[in-house]
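Residue numbers (numbering that gives the first Met the number 0), protein chains in the order written: chain C, 0 to 511; chain U, 0 to 363.
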Amino acid sequence: MDALELARWQFAITTVYHFLFVPITIGLSAIVAGYHTAWVRTHNPAMYKMTRFLGKLFIINFALGLATGIVQEFQFGMNWSDYSRMVGDIFGAPLAFEALLTFFLESVFIGVWVFGWGRIPEKLHAATMWLVHIGTVLSAFFILSANSWMQNPVGYHINPDNGRAELTDFVAVLTNKVQLVAFPHVITAAYMTAGGLVMAISLWHLRRLSTQAPALETIETEAGAPSHGKGRGGAHAAITDGTNYRETYRKAARVGAIVTLVASLGVIVTGDLQGKVMTQVQPMKMAAAEGVYQTEAPAPFSVFATGNLEGTEATHWIQVPGLLSYLGKGNFSAEIEGINDIKAEYKTKYADSALTNDTTTEFTPYVPVAYWTFRIMIGLGMLGTAMSLLTLWITRKKGDLKVLRPKWWHWAIIATPFFPLLGNSFGWIFTEMGRQPWAVQGVLLTRFGVSPRTSATEVLISMIVYTLLYGALAVVEVKLFLKYLRRGAEDIGEPPTYSHIDDEDRPLVYTY
Amino acid sequence: MDLAVLWFILIAVLWIGYFCLEGFDFGVGMLLPVLGKSRLDGAAGVADTERRKRVMLTAIGPHWDGNEVWLLTAGGATFAAFREWYATLFDGFYLALLLILVALIVRVLGFEYRGKGETAAWRSGWDKMIVFGSFIPALLWGVAFGNIVRGTPLRIRENELGQGVEFAGSFFSLLNPFALVGGLTTLFLFLTHGAIFLALKTDGDIRHDARALATKLGAVAALFAVVFLVWTNLLRGNTGSWILSGVAAVTLLAALAANHVGREGWAFVGTFITILAAVAALFTALFPDVMPSTADPNATLTIAKDHGFYAANSALTLKIMTGAALVFTPIVVAYQGWTYWMFRKRLTTKHIPGVSSAPERVEA
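Pasting the structure below:
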């Protein structure tokens, strides 16, 4: 493989990996902030425990998102320096905005939140997590405006003196029509992901409580004694210090399910709008997503296909008539352009420029990847939505959730967080692979963006380093995450009290 | 003022912010095995060592993450204001930068994951990551800045994109004596800065040990700093960079004196200004170039219009970025400063929950 192929693989590996943590960070910060606010308002110890419990899981996840995010910012210069030279005038600005306006907000206030228990006034403390959440959302806004510009470049011109793209309208970049649908799509998907996670975590604890021997459930621990450390799953958990954990987890499961359900409606609506914008600005991506080679009107939506999808042997087994026309243009009989026609059109359109064409350019993304990632994304999203409905149904009544006892629930619960989580990944792979061979649609082909000086060996070294490191860190993170997940909210001690009078020797609630 | 000049200054400010702030948390990270080690023997010593390490980590706990963002902002701002500089620098210093990134990744996780396991092996593994993750950037940032100031072999090349500047050296050409002295300068300055921060933020044995160590480390730092800054000024100095270098030298000596008499607050202000003045001296010496070329004067990346390769972005981008920077930088400084005030209390091993407190030697 040459430096270009390796750089592309490296970008894919580091970005997909980084984006496993980002949606959880965005969504979970809101849920943690919600619980924290509920505790400040009610002083119900159960709310405090859920805040700290979900907060621990949040921090474990946040750390890895933060660590892998550093790579993302430097990668454009390291592996894609000609891309940076060509479009840095436009692309750099949202990145700088992101750092200045949002990274500081997130990083400074997460420190205050983590170390602030009992040391800063309660309301202010709860507000810091909201600030973290606002930071994550704004961060997504800026990075998505940079990415949307790559999908649909606006507000720029090519400077005739140096041949570089330069900004002419920053507002246009921030309000790009791709951005206006991509941003809410990604944010709602992030809420869906965090909702799915909270739902699954809570169901897991509910199932654990329901499958324990009834005798164990009623053992009361001594007042005030911490209830952790009694083996995996904490068998003593049913009643301690007055908190009814079954009811706490039942409510949490419903919170997670409602967040997932509402968010998934947002995902569906924004996804539909996105399909229409995509058909308009990136018709090739839509055609590739469907494996449509010949222009059709009305165009059917293919649910499942076999064959090589290269236009000759593909067999579309299940098709919904007219649906693709509707998804693309909002009309069941509209014409959807096929790959062959768009290819011919692009060949004429971009023939003049060295940066956008040469005889080998085909302007077609790898169709099977586009076709399948698009379907997997949608399918996983639908499974997530279905699970939220199921959860709302089974948790509707208080009391013993015996319904969770069958073994298949165990696997359903474990699978739940992965539906939206992997749905995000496939969505991004589709978005980025579907844009190929362009780095910036119509402006710069990906292969001209790679660092001209960097050798394949250098990229290979860094790719091996990142892959091994990320792999090892994934093992550590999952291990820690599961450990704290199993301990649950029962593990958390008494709520701290904030006082203006400083007791010099009072131990801190949280330290490293 | 020419906006490119303003952005040169703003980027200098961001790097100064980064080194002045993360400098001390790098120092604390590197000193973990040294100052974290208890003076006591036997089992009491083992428990005390763990408590001391936790005090050290907690002292920087609320702050290191916010400190690190100064680097990300410096990187983003370079991209937004000088894309040619960003591209040439990060592509050119590829393997060195990779090493720094790996160090920063494992360091983040060291802080967050160290206390989340129960075994001594788990903790000592992450301790090593924290030390490695603090040591590598503390050394390599100095090496990198040494190379930027000294100049590197840059050449002009043509491809489909038109003319551009690219680095023509290798990883090993970055390891020249001047740059290595630069690396040792930042390494020892950060060690001193970190020791003084600990002396300021803790009480009892750690405070005492940190203060004693800061004096020794500071002497070595002063030696390297003087050699590096004089060498820098001889290479490409001007009046401004000589004056700033002088300020750095004087404040470092003043900081060590303040530390010696137990005025840790003033000592910290001293090392803070030392780092500020030293980095400012490097940028002043560099101006108006951003990356001088030793191979071809036409390939020198610069913000001057009369020589070299013009590195700044378009006027509109600079204008928008200027507005954002002027509004938001003071806000960031204000709330970040507030967190330092919020967590201003000195820490001792008594503040670490879950362990009984060991005898403390608290000073008046």
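Even glycine gets a Cβ: it sits at the ideal position worked out from N, Cα and C.
Excluding five sequence positions before and after C/Leu3, the CB atoms of its chain that fall closer than 7 Å to its own CB belong to Arg446, Val449, given in chain order.
In this structure, C/Pro364 sits near C/Met432, with a CB-CB distance shorter than 8 Å. If only uninterrupted beta strand (DSSP E) runs of at least 3 residues are considered, none is enclosed by the stretch 23-58 of chain U. Going by DSSP, C/Val302 is part of the beta strand (DSSP E) stretching over 300-305. Rounded to the nearest whole angstrom, the CA to CA distance from U/Trp230 to C/Glu361 is 55 Å.
At a cut-off of 8 Å between beta-carbon atoms, U/Arg53 makes contact with chain C.
Contact check for C/Phe61 against C/Glu97 fails: the beta carbons are separated by 8 Å or more.
Contact annotation for C/Glu165 against chain U: Asn312, Ser313, Leu315, Thr316 [CB-CB distance below 8 Å, chain order].
Between U/Glu157 and chain C, the shortest Cβ-Cβ separation is not below 8 Å. Within chain C, the residues Glu72, Phe75, Gly76, Ser83, Gly87, Phe90, Gly91, Ala92, Leu94, Ala95 have their CB atoms less than 9 Å from the CB of U/Phe78, given in chain order. Residue pairing for U/Met290: DSSP places it in a beta bridge opposite U/Leu300. Beta bridge pairing from DSSP links U/Glu165 with U/Arg154. Taking the C-beta atoms as reference points, U/Ala284 is found nearer than 8 Å to U/Val148. If you look at C/Ile12, you'll find it in the alpha helix (DSSP H) that goes 2-41. When secondary structure is reduced to three states using DSSP, U/His306 falls in the coil class, being assigned neither helix nor strand. By the criterion of at least three beta-carbon pairs nearer than 8 Å, the stretch 89-103 of chain U is in contact with the stretch 457-470 of chain C. Sorting C/Met49, C/Gln281, C/Val508 by C-alpha distance to the C-alpha of C/Asn151 places C/Gln281 at the top. Annotated as distal: C/Asp1 and U/Arg82, with beta-carbon spacing of 8 Å or more. For C/Trp116, there is no enclosing beta strand (DSSP E), since its DSSP letter is neither H nor E. In the DSSP assignment, C/Ala164 forms a beta bridge with C/Ile157.
At least one CB atom of chain C sits nearer than 8 Å to the CB of U/Met341. Restricting attention to C/Gly26, C/Thr14, C/Pro22, the CA atom closest to the CA of C/Ile257 is found in C/Gly26. Scanning its chain for C-beta atoms nearer than 7 Å, with the 5 sequence neighbours on each side dropped, one finds around C/Ile200 the residues Leu484, in chain order. Three or more Cβ pairs closer than 8 Å define a contact, and the stretch 12-22 of chain U meets that threshold against the stretch 61-69 of chain U. Separation of U/Asp47 and C/Gly117 (C-alpha to C-alpha, rounded to the nearest whole angstrom) is 25 Å. Short of 8 Å from the beta carbon of C/Lys275, and not among the five residues preceding or following it, lie these beta carbons of its own chain, in chain order: Leu326, Gly327, Lys328, Gly329. In this structure the stretch 108-115 of chain U does not touch the stretch 130-139 of chain C; the number of beta carbon pairs closer than 8 Å is below three.
Around the beta-carbon of C/Gly64, 16 or more other beta-carbon atoms lie within 10 Å, marking it buried.
The beta carbon of U/Gln335 sits closer than 6 Å to those of Gly65, all from its chain and outside the five residues before and after it, given in chain order. Within the stretch 331-360 of chain C, those residues whose Cβ lies closer than 8 Å to any Cβ of chain U are, in chain order, Ala353, Leu354. Counting only runs of 4 or more residues that sit fully inside the stretch 164-208 of chain U, the alpha helix (DSSP H) segments are 176-200, in chain order. Within chain U, no residue has its CB atom less than 9 Å from the CB of C/Ile133, the nearest being about 13 Å off.
U/Val289 and U/Ala310 do touch by the CB rule: their CB atoms are close to 5 Å apart, below 8 Å. Look at C/Ile335 here: in three-state DSSP terms it is strand. Taking 8 Å as the cut-off, the Cβ atoms of C/Gln318 and C/Phe300 count as close. Assignment of beta-bridge partners to C/Thr314 by DSSP yields C/Thr305.
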